[in-house]
Every structure is written in structure tokens, then in C-alpha cells.
Amino acid sequence: MTSNNAQKMTLDMLHQASIILTKDEEQRIEIATFGLPDYPRSGLQLLTYINSERYCAKELVLFPGQTCPEHLHPPFSGTAGKQETFRCRWGEVYLFVDDENLTDNMASGHAACLVPAGDENWYTVNRYILLKPGEQYTIAPNTRHWFQAGKMGAVVSEFSSESRDDLDIFTDPRINRLAGIK
Numbered sequence: 368m369t370s371n372n373a374q375k376m377t378l379d380m381l382h383q384a385s386i387i388l389t390k391d392e393e394q395r396i397e398i399a400t401f402g403l404p405d406y407p408r409s410g411l412q413l414l415t416y417i418n419s420e421r422y423c424a425k426e427l428v429l430f431p432g433q434t435c436p437e438h439l440h441p442p443f444s445g446t447a448g449k450q451e452t453f454r455c456r457w458g459e460v461y462l463f464v465d466d467e468n469l470t471d472n473m474a475s476g477h478a479a480c481l482v483p484a485g486d487e488n489w490y491t492v493n494r495y496i497l498l499k500p501g502e503q504y505t506i507a508p509n510t511r512h513w514f515q516a517g518k519m520g521a522v523v524s525e526f527s528s529e530s531r532d533d534l535d536i537f538t539d540p541r542i543n544r545l546a547g548i549k
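Heads up: the sequence shown begins at 368 in my numbering, then just goes up one per residue.
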């Protein structure tokens, strides 16, 4: 998939979610490939509205079945790390979080979604919550998590403390968070 195709598909999905962007915001959409060779199977499209020392707001767009790899947001500069709330705006997203209060996907024998084939070693979190439009979940700092869109894809608003993507720790050592096709 080319950068132009990914950008157009991202804008179409944001439009379906009734999220209106300025021309400047449209130009700032990031296509995150994580340096993996299987984009768009693994990847993420996002727009950062604001990111300061106090707070951050983003739109995350996932194509149908697309997976954002397992990672965590570690402590930095005297903080506990990034705390983030995901609020589903459109579609469905399976949010896998290292949280004992969530359903254990493996214990139930029900595969809500599939880890990208060949990458099973890099996905260790089996507990998940399915977020549908209007539902949200807050991920504690320094907590392993990953997420995958349902069959239609998903648009998720993220509200968080300061985001430091360069410090994210991914389970898969091949990942370069700052790599992208744009």
C-alpha cells in the first residue's frame, strides 16, 4: 500500500466517524509502519492534535484487521509513564491489556482476533476488552498492551498524559516506532 493510498483510506475512515479535520491536520496524518515489512497488516495511522508536558490528544485509525504491536509506555523524567484512555468512535477495536480484571482470551478458548501469523512470540498479553463506539478504557502507565481493529476497522480517540513515542518499549525487537512510510 502506498502512502497516498493509506492517507486516503485514513481520511475516508475519519469522515465515516464524522471527525472533521482542517487541511493542515490532514497533512499531518502519520503512517506508522513500525519498520515492519508487513504494513498494513501491522501498523497504525494517527493524527496528533496536541502533545505537551501536561496532556496529549490523538486520533488513531486502524484499517480492517490491522494490529498495533504489543508495547508499553515506561516511566520517564520523573513521571510514571504515559497513561492513556482509548475511546472508540467508529468500528470496533480489541484492546489487549495486561490487566487481571479483563477476560483471558486464551483461557476462554475463543480467539476474538488473531495475532499476525509468524509474530506470535511478540504478543504475550491475552486479556482484552472489546470497545465499540462510545466505549472507553484507560490503560495504566507502564502496562503492556496491543490492539487490533475489527472487520470494519476502527477510529479511536486517545487522551493521555505526555506521549513520548521514542521511549515506547515494544515486545518485538525488530520494531522501530519512529519508522513510517510518510
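Here a beta-carbon is modelled for each residue, glycine too, at the ideal position from N, C-alpha and C.
Same chain, Cβ closer than 8 angstroms to D533, neighbours up to 5 away in sequence not counted: Correct list, in chain order: R544 and L545.
For N371 and K390, I'd like the C-alpha separation in whole angstroms. Their backbone Cα atoms lie some 15 angstroms apart in a straight line.
Does S385 pass the burial test, meaning 16 or more other C-beta atoms within 10 Å, or should it be called exposed? Its Cβ having fewer than 16 others within 10 Å, S385 is exposed.
Quick one: what's A399 bridged to in DSSP? Looking at the DSSP output, A399 sits in a beta bridge with L411 and G547.
Any beta-carbon of chain B closer than 9 angstroms to the one on H438? Going by chain labels, chain B is absent from the structure shown, which holds only one protein chain.
Taking the CB atoms as reference points, tell me whether T538 and H438 lie closer together than 9 angstroms. Going by beta carbons, T538 and H438 fall inside the 9 angstroms limit.
T434 beta carbon less than 9 angstroms from that of V464: Taking C-beta atoms as the reference points, V464 and T434 fail to come closer than 9 angstroms.
Pick from P508, D535, I506 and G501 that is closest to V522, judged by C-alpha positions: The candidate whose alpha carbon is nearest that of V522 is G501.
Going by the DSSP bridge assignment, what does W457 pair with across the sheet? Note: W457 is bridge-paired with V522 in the DSSP secondary-structure output.
Give the secondary structure of Q450 by DSSP, where H, G and I count as helix, E and B as strand, and everything else as coil. Q450 falls in the coil class under three-state DSSP.
In whole angstroms, give me the CA-to-CA distance for P436 and T491. Their backbone Cα atoms lie some 11 angstroms apart in a straight line.
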